[in-house]
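Asks: Sharing a structure, written as C-alpha cells. Questions coming.
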Amino acid sequence: MPIPEPQFDDLYRELLLDHMRHPRNRGALENPTHRLDGVNPVCGDEVHIEVAVGDSEVRDIAFSGLGCSISQSSASMLTENVKGKKLQDIARLRDHFQAMLVDGADPAPDLGDLEAFQGVARFPVRVKCAMLPWKVLDEVIEGAAPAPQGDRQ
Amino acid sequence: MLDVERIREDFPILHQQVNGRPLVYLDNAATTQKPRQVIDALVRYYETDNANIHRGIHALAVRATEQYEGVRAKVAAHIGAANPSDVVFTRNTTESINLVARAWGDANLRPGDEVVLSIMEHHSNIIPWQQLAKRTGAVLRYVDITGEGELAIDQLRAIIGPRTKLVTIVHMSNVLGTINPVGDIAEMAHAAGALVLVDGAQSAPHLPIDVRSLGCDFFAFSAHKMLGPTGVGVLWARPGLLESMDPFLGGGEMISIVRPEESTWAEVPHKFEAGTPNIADVIAFGAALDYLGGIGMANVRRHEEHLAGYAIDALRSIEGLKVHGPLDPERRGGAVSFSVPGVHPHDVSTIVDSYGVAIRAGHHCAQLLMRRLQVPATNRASLYIYNREQEIDALVEALHEATRIFARADSRTAVR
Chain A
1 MPIPEPQFDD LYRELLLDHM RHPRNRGALE NPTHRLDGVN PVCGDEVHIE
51 VAVGDSEVRD IAFSGLGCSI SQSSASMLTE NVKGKKLQDI ARLRDHFQAM
101 LVDGADPAPD LGDLEAFQGV ARFPVRVKCA MLPWKVLDEV IEGAAPAPQG
151 DRQ
Chain B
154 MLDVERIRED FPILHQQVNG RPLVYLDNAA TTQKPRQVID ALVRYYETDN
204 ANIHRGIHAL AVRATEQYEG VRAKVAAHIG AANPSDVVFT RNTTESINLV
254 ARAWGDANLR PGDEVVLSIM EHHSNIIPWQ QLAKRTGAVL RYVDITGEGE
304 LAIDQLRAII GPRTKLVTIV HMSNVLGTIN PVGDIAEMAH AAGALVLVDG
354 AQSAPHLPID VRSLGCDFFA FSAHKMLGPT GVGVLWARPG LLESMDPFLG
404 GGEMISIVRP EESTWAEVPH KFEAGTPNIA DVIAFGAALD YLGGIGMANV
454 RRHEEHLAGY AIDALRSIEG LKVHGPLDPE RRGGAVSFSV PGVHPHDVST
504 IVDSYGVAIR AGHHCAQLLM RRLQVPATNR ASLYIYNREQ EIDALVEALH
554 EATRIFARAD SRTAVR
C-alpha cells in the first residue's frame, strides 16, 4: 500500500502564509496606552503588541516580533480582528479562538477568517504558537472582562 | 564500519511507524535510544537484585552494591580514569557542573577572580557560574567563536591570566558540533594556575575519551546521551580534588560519624552521593557501557564522522540552506544544526515530523550562541550508531517539501 503524502494545506492555509509574508499592522504606535510583550521560552517566539485603548475599545493596534509562521501570522490576524472592537467582544473572540484550538471546537461564527487556524488544532505542540499573541493581549482584555474559566493553554 | 543493520535490531523503539512512515530518529544530541541490553539490565535488576546499597548485610544488598560499584569501575575504565573513586554519580551533566560550582567554586573563588567560558556553552555550563559569580563576586569572561564556528583560541589565550581560577568549556558543541582542543586549553589554563572543567555531555557518547590525556581537572557527562537511562550523570575529578572539596548535599550515605552538632564525611566518592542513589539506572548504564565497549568508541567515531560528512553534503544540496559550525567532519561531531531559508525552524520541524523524521528545533539551551549566530533558533539533526544514509535522505526529502510549501507562498504573493 503506498504511503500517502503528508498534507499541509490544512495547517499552512494560504491566508496564514499570506499574513506571514505580508504582516498587517506591523510596527509601533505613536501613543499606545499599553505596551505588551510575550515570549514563548521553549521556542523563543516573541510577540510585542502596542494598543491604544479608549472607551473600552481598541482604537489602534500594532505588533512586532519574530518567530514561526504560526505565531507571526496569528499576531497579524489578531490585529486585524480586534481593531475597532469592544474589549468584551475581543474577550469572547479570544475564548472562541482558544476553544477551536485547544478543545477542538467548531469555529464560532464571530471568528471570521480566524477560522484559518483550525488546522493547527491537529498539531498540539503548535497550538501555543497560535495562542501566543492572544495571551499577550490578555492583559488588556482582562482589564475589561473577568478571566475565563477552565484550563488555559 | 559498523554493522548498522545488526545494531538496529537491538533497538526496539526504532522499529515503528510515525505518521505512517518508518521512524527516523535524528535527535540523539537530546537523548539516545536504548538497546534491548540496557532495558533488560534495568528489568533484571528489579526482578532479581533490588536492594539498597552500601548498608545491607543480606545477599541482595551485597549483589546490588557490587553491581553499582562495578559500574563505577566501568565508567572509570571507559574514560581512562585511574581510580573508580574519582567517579561520582549524579543525576545528569547539569548536576555534575553544579556540584563543582558549589563544592569547589564556593570555597575557592574570591571577588575579582575569573571564570572563563565560551559563548558556545550549553546553559548548564553558564547558569551555575552566573550563580557562583553572584555568590562570590567572581567575574565571568566569555570567549567568542570564529566565523567557522570554532573556538577563538587566540582570544582564549589572551583572556586566561593570573585572575583566572577556572576554565570551563564544552568538549563538543551541542549546536555547532565543534570539537574543542581541550588538551591545548588545559595546558593554557594550568600554566596560569587555573583548573579546567570539561562539559563532556556531547563528547563522551561519540568520541574515545581519556581524561588523563585531555589533562582536565573535571569531566562531566550524562548516561542518557550514550544509550543509558535518564537520571544518571557522572562527574570525574582529578585524583585528590574530591578529597579537598566539601560535600555538595548532606544526608544519608555521605557521612562517617554523626554527632549532634557536627559530623564527619564518608570517603570519596560517597561523600558526594548523599541519599539513596539511582541504583537501577546506574546498573543499566553499565550495560550501555558494555554495549559501546563492544562496538569500540573509535568505530563509533568513524561511523559518525562518515555520516556527518554525508549529512552536511546532503543538507547543503538544498539551495540556500546554511549549516552552522565546521563543515569538515574531522573537526566536528554528528550534531548538525542548520537554517532553511525562508522557513522558521518550528515550521521545518512540524513538516519533517509528518514524514516520521524526528529532529530538534529551538535554541538548544544555547541562547548566547543563537544571538551570536543571529538566528532566533535552528534545526538540528544529530546522529548516532544506528543511523543510516537513507535516513539522511528521508530528512532531505522532507526539507524539500518544507521549502516547496513556503516557496508556494512566495510565488503566490508575488503575483497578487
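Going down the list, the protein sequences come from chains A and B.
Under the working numbering, think of the first position of the first sequence as 1, with each following residue one higher.
Under the working numbering, think of the first position of the second sequence as 154, with each following residue one higher.
For every residue, glycine included, the Cβ atom is placed at its ideal position computed from N, Cα and C.
Keep in mind that this is a model prediction, so the values were computed, not measured.
Can you pull the chain A residues whose beta carbon is under 8 Å from the beta carbon of residue 178(B), in chain order?
Replies: Taking the first residue of the second sequence as position 1, residue 178(B) is located at position 25. In chain order: nothing, as chain A lies at least about 17 Å away.
Asks: Answer yes or no: does any C-beta atom of chain B fall closer than 7 Å to that of residue 119(A)?
Replies: In the first sequence, counting from the first residue as 1, residue 119(A) sits at position 119. Residue 119(A) does not count as touching chain B.
Asks: With distance defined between alpha-carbon atoms, name the residue in 263(B), 323(B), 454(B) nearest to residue 275(B).
Replies: Here residue 275(B) corresponds to residue number 122 of the second sequence, with the count starting at 1. It is 323(B).
Asks: So, with DSSP's three-state summary, where would you put residue 100(A)?
Replies: As a position in the first sequence, residue 100(A) is number 100, starting the count at 1. Three-state DSSP puts residue 100(A) in a helix.
Asks: CA-CA distance, residue 40(A) and residue 515(B)?
Replies: Position 40 of the first sequence, counted from the start, is the residue given in the question as residue 40(A). Position 362 of the second sequence, counted from the start, is the residue given in the question as residue 515(B). Distance between the alpha carbons of residue 40(A) and residue 515(B): 11 Å.
Asks: Cα separation between residue 352(B) and residue 551(B)?
Replies: Start at 1 with the first residue of the second sequence, and residue 352(B) comes out as number 199. Start at 1 with the first residue of the second sequence, and residue 551(B) comes out as number 398. The alpha-carbon atoms of residue 352(B) and residue 551(B) are separated by roughly 33 Å.
Asks: Could you tell me whether the Cβ atoms of residue 374(B) and residue 246(B) are closer together than 7 Å?
Replies: Indexing the second sequence from 1 puts residue 374(B) at position 221. Indexing the second sequence from 1 puts residue 246(B) at position 93. Going by C-beta atoms, residue 374(B) is nearer than 7 Å to residue 246(B).
Asks: Assign residue 150(A) to buried or exposed, taking buried as 16 or more other Cβ atoms, counted over all protein chains shown, within 10 Å of its Cβ.
Replies: Indexing the first sequence from 1 puts residue 150(A) at position 150. In this prediction, residue 150(A) scores a pLDDT of 45, lower than 50, which makes its location untrustworthy; the coordinate-derived value is nonetheless stated afterwards. Answer is exposed; the Cβ neighbour count stays below 16.
Asks: Going by the CB atoms, is the gap between residue 512(B) and residue 179(B) shorter than 7 Å?
Replies: On the second sequence, residue 179(B) is found 26 positions in, with the first residue counted as 1. On the second sequence, residue 512(B) is found 359 positions in, with the first residue counted as 1. Taking 7 Å as the Cβ cut-off, residue 179(B) and residue 512(B) qualify as a contacting pair.
Asks: Can you say whether residue 527(B) is buried or exposed, counting buried as having 16 or more other CB atoms within 10 angstroms of its CB?
Replies: Counting from 1 along the second sequence, the entry for residue 527(B) is found at position 374. With fewer than 16 other Cβ atoms within 10 Å, it is exposed.
Asks: Kindly indicate which three-state DSSP category residue 560(B) falls into: helix, strand or coil?
Replies: Translated into positions along the second sequence, residue 560(B) becomes position 407. It is helical.
Asks: What three-state label does DSSP hand residue 48(A) in the structure shown?
Replies: For the purposes of this step, residue 48(A) is identified with residue 48 of the first sequence, where counting begins at 1. It is a strand residue.
Asks: Just the Cα atoms here: how many angstroms apart are residue 112(A) and residue 118(A)?
Replies: Working through the first sequence from its first residue, we reach residue 112(A) at position 112. Working through the first sequence from its first residue, we reach residue 118(A) at position 118. Each residue's alpha carbon lies about 11 Å from the other.
Asks: Might you give, ordered along the chain, the residues of its own chain that have their beta carbon closer than 8 Å to the beta carbon of residue 24(A), omitting 5 neighbours on each side?
Replies: Residue numbering aside, residue 24(A) sits at position 24 when the first sequence is read from its first letter. So the qualifying residues of the chain are 76, 77, 79, 80.
Asks: Against residue 327(B), what residues of chain A qualify as contacts under a CB-to-CB distance less than 7 Å, listed in chain order?
Replies: Against the second sequence, residue 327(B) aligns to sequence position 174. Near residue 327(B) there are no residues of chain A at all, since even the closest Cβ is about 16 Å away, more than 7 Å.
Asks: Pull up the distance between the alpha-carbon of residue 42(A) and that of residue 505(B), whole angstroms please.
Replies: To locate residue 42(A), count along the first sequence from 1; it is residue 42. To locate residue 505(B), count along the second sequence from 1; it is residue 352. Taking the straight line from one Cα to the other gives about 19 Å.
Asks: Which term fits residue 13(A), buried or exposed, when burial requires 16 or more other beta carbons within 10 angstroms of its beta carbon?
Replies: In the first sequence, the residue the question calls residue 13(A) occupies position 13. Looking at its Cβ environment, which holds 16 or more other Cβ atoms inside 10 Å, residue 13(A) is buried.
Asks: Quick one: what's residue 325(B) bridged to in DSSP?
Replies: In the second sequence, residue 325(B) corresponds to position 172, counting from 1. In DSSP, residue 325(B) forms a bridge with 332(B).
Asks: Would you say residue 558(B) faces chain A, with C-beta separation under 7 Å as the test?
Replies: Translated into positions along the second sequence, residue 558(B) becomes position 405. For residue 558(B), the answer is yes, since a Cβ of chain A falls inside 7 Å of its Cβ.
Asks: Note down the Cα distance separating residue 226(B) from residue 98(A), rounded to an integer number of angstroms.
Replies: Counting from one through the second sequence, the residue named residue 226(B) turns up at place 73. Counting from one through the first sequence, the residue named residue 98(A) turns up at place 98. Rounded to the nearest angstrom, the two C-alpha atoms are 54 Å apart.
Asks: Out of curiosity, what's the CA-to-CA distance linking residue 446(B) and residue 358(B)?
Replies: For the purposes of this step, residue 446(B) is taken as residue 293 along the second sequence, with counting starting at 1. For the purposes of this step, residue 358(B) is taken as residue 205 along the second sequence, with counting starting at 1. About 11 Å.
Asks: Which same chain residues end up closer than 7 Å to residue 32(A) when comparing Cβ atoms and leaving out the 5 residues on each side of it in sequence?
Replies: Here residue 32(A) is taken as the residue at index 32 of the first sequence, counted from 1. For residue 32(A), where only same-chain residues beyond five positions count, the Cβ hits under 7 Å are 50, 51, 52.
Asks: Any idea if residue 413(B) is buried or exposed, counting beta-carbon neighbours within 10 angstroms, 16 or more meaning buried?
Replies: Here the question's residue 413(B) lines up with position 260 in the second sequence. By the 10 Å Cβ count, residue 413(B) comes out exposed.
Asks: Kindly indicate if chain B contains any beta-carbon less than 7 Å away from that of residue 44(A).
Replies: Walking along the first sequence from the start, residue 44(A) turns up at place 44. It does: the Cβ of residue 44(A) has a partner Cβ on chain B nearer than 7 Å.
Asks: Suppose you measure from the CA of residue 187(B) to the CA of residue 380(B); what does that come to, to the nearest Å?
Replies: On the second sequence, residue 187(B) is found 34 positions in, with the first residue counted as 1. On the second sequence, residue 380(B) is found 227 positions in, with the first residue counted as 1. The straight-line gap from Cα to Cα measures roughly 5 Å.
Asks: Tell me the rounded alpha-carbon separation between residue 8(A) and residue 303(B).
Replies: Within the first sequence, numbered from 1, the residue matching residue 8(A) stands at position 8. Within the second sequence, numbered from 1, the residue matching residue 303(B) stands at position 150. If you take the alpha carbons of residue 8(A) and residue 303(B), they lie about 38 Å apart.
Asks: Would residue 438(B) and residue 376(B) qualify as a contact pair, given that the criterion is a beta-carbon distance under 7 Å?
Replies: Along the second sequence, read from residue 1 onward, the residue named residue 438(B) stands at position 285. Along the second sequence, read from residue 1 onward, the residue named residue 376(B) stands at position 223. Result yes, Cβ atoms of residue 438(B) and residue 376(B) sit closer than 7 Å.
Asks: Taking any Cβ of chain A, which residues in the stretch 172 to 199 of chain B have a Cβ under 9 Å from it, in chain order?
Replies: Listed by position along the chain: 172, 173, 174.
Asks: Determine the direct distance from the alpha carbon of residue 156(B) to that of residue 502(B), and round the result to whole angstroms.
Replies: The sequence position of residue 502(B) within the second sequence is 349, counting from 1. The sequence position of residue 156(B) within the second sequence is 3, counting from 1. Each residue's alpha carbon lies about 29 Å from the other.
Asks: Any beta carbon from chain B within less than 7 Å of residue 63(A)'s own beta carbon?
Replies: Locating residue 63(A) in the first sequence gives position 63, counting from the first residue. Chain B, which has no Cβ nearer than 7 Å to the Cβ of residue 63(A), makes this no.
Asks: Grab me the residues of residue 173(B)'s own chain with a C-beta within less than 8 Å of its C-beta, minus the 5 sequence neighbours each way, in chain order.
Replies: As a working mapping, residue 173(B) is identified with position 20 in the second sequence. Excluding residues within five positions, the ones whose Cβ falls inside 8 Å are 509.
Asks: For a cutoff of 7 Å on Cβ pairs, would you count residue 509(B) as touching chain A?
Replies: Here residue 509(B) refers to the residue found at position 356 of the second sequence. No, because no Cβ of chain A sits closer than 7 Å to the Cβ of residue 509(B).
Asks: Can you grab the Cα-Cα spacing for the pair residue 286(B) / residue 292(B), in whole Å?
Replies: The residue you call residue 286(B) lines up with position 133 of the second sequence. The residue you call residue 292(B) lines up with position 139 of the second sequence. One C-alpha to the other measures close to 6 Å.
Asks: Does the contact criterion of 3 or more C-beta pairs under 8 Å hold for the stretch 486 to 503 of chain B versus the stretch 122 to 142 of chain A?
Replies: Output reads yes: the stretch 122 to 142 of chain A touches the stretch 486 to 503 of chain B.
Asks: I want to know whether the stretch 211 to 220 of chain B touches the stretch 405 to 423 of chain B - three or more CB-CB distances under 8 Å.
Replies: With the cut-off at 8 Å, the stretch 211 to 220 of chain B and the stretch 405 to 423 of chain B do not touch.
Asks: Just checking my contact of residue 232(B) with residue 362(B) at CB under 8 Å: how many whole Å lie between their CB atoms?
Replies: Residue 232(B) sits at position 79 when you count from the first residue of the second sequence. Residue 362(B) sits at position 209 when you count from the first residue of the second sequence. 5 Å between Cβ atoms; contact.
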